[in-house]
Each structure stands twice: as structure tokens, then as C-alpha cells.
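Asker:
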Amino acid sequence: KIFQEQVLNLRKSKYESLKADREKMSASIIQTRREEREANRKLIFFLRCEEERQRRLHEEEEARKREEMERRKKEEAERKAKLDEIEEKERKRREEILGRSTRSTTPIAPPKPPPVEATQPPVAGKFVPSFKRMEASGGPPLETADRWSRLPPPVN
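Following UniProt numbering, the numbering of the sequence shown begins with 1 at its first residue and continues without gaps.
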């Protein structure tokens with residue numbers, strides 16, 4: 001009977017120790033997972049903050065570039081206006097020096113660009129339909145030698 005109680009006590013103590021070990025193990029697993037979740041939350045928060053900061057920096061850089069381009073365009077326009085004004089003053093000075101008579105007799109006009117033809121002349125060796133030839137010349141189709149007219153007449 002004493003032996004039986006010792007065996008029961010031994011088994012009971014082993015059962016209790018195993019149960020305590022399991023509970024410690026599960027508690028440590030739960031704690032580890034909780035810490036991992038917290039670390040992931042902090043990492044996600046940090047990444048979002050960093051992305052937001054990067055986005056703001058990018059937007060500020062773009063705005064700075066736009067402002068710089070607008071400033072350059074404005075400065076260029078002012079410089080061009082100033083140069084045009086100086087050129088106009090020099091032109092007036094030249095007119096005064098040369099006299100108004102030359103200005104009235106020979107008006108200075110800006111050179112006109114040569115008129116651009118809508119249709120280019122046909123390139124040699126390229127087929128041009130007759131209606132296109134008529135449109136290009138403005139009259140009846142031009143007499144062009146095609147490859148059939150170069151052949152000798154058929155012999156019967």
C-alpha cells in the first residue's frame with residue numbers, strides 16, 4: 001500500500017511538473033507572438049511615417065523645381081523684353097541719324113518666308129496617278145514617258 005501511494009505521488013508530481021512546463025511553454029509562445037506583433041506594428045508605423053516623409057520631400061522638390069522653372073521663364077521674358085526695347089531704341093537712333101527721308105522712301109519689311117508648296121514634285125521613278133498629276137500642274141496631265149511607251153510596237 002505504501003508503494004502504491006509513492007507511485008501515485010510520483011506520477012502526480014510528474015503530471016503537475018509536465019503541466020507547469022506546458023503552461024510556461026505556451027505562455028512564453030504567447031509572449032513571443034505578442035512581442036512580434038508589437039514589433040511589426042512599430043515597423044509598419046515607422047515605414048508609413050518614412051513613406052509620408054519621402055512623399056512630402058518629393059512634393060516639395062517638385063514644387064521647388066516648378067517655381068525655379070517659372071522664375072527662369074519670367075527672367076528670360078524680362079531679358080527678352082529688355083533686349084527688344086534696346087533694339088527698338090537703337091533702330092530709332094539709326095533712323096534719326098540716317099534721316100526720315102530714307103525711311104519713307106524705302107520701308108524696311110521683314111523678309112517673307114518662301115511659300116511652301118502643298119505638293120512636292122513627283123520623284124523620278126515613282127508612280128503618280130493621273131488625277132494627282134492634274135492637281136499638281138493645275139491643268140491637263142503631263143506627258144510622261146512610262147515603261148510601256150518605251151517598248152517597240154508589237155509585230156504581227
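Even for Gly, the Cβ is constructed at its ideal location relative to N, Cα and C. Keep in mind the model is a prediction, meaning the values are calculated, not measured.
1. What did DSSP end up calling K126 once you bin it into helix, strand or coil?
2. Suppose the cutoff is 8 angstroms on Cβ atoms and the five residues either side in sequence are ignored; what does the same chain contact list for K19 look like?
3. Just list the beta strand (DSSP E) runs in the stretch 27-65, keeping only unbroken ones of 3 residues or longer that don't cross its boundaries, in chain order.
Answerer: Reading from the atomic positions:
1. Correct three-state label for K126: coil.
2. Residues of the same chain with their beta carbon placed closer than 8 angstroms to that of K19 are lacking, with the five preceding and five following residues left out of the count.
3. Correct list: empty.
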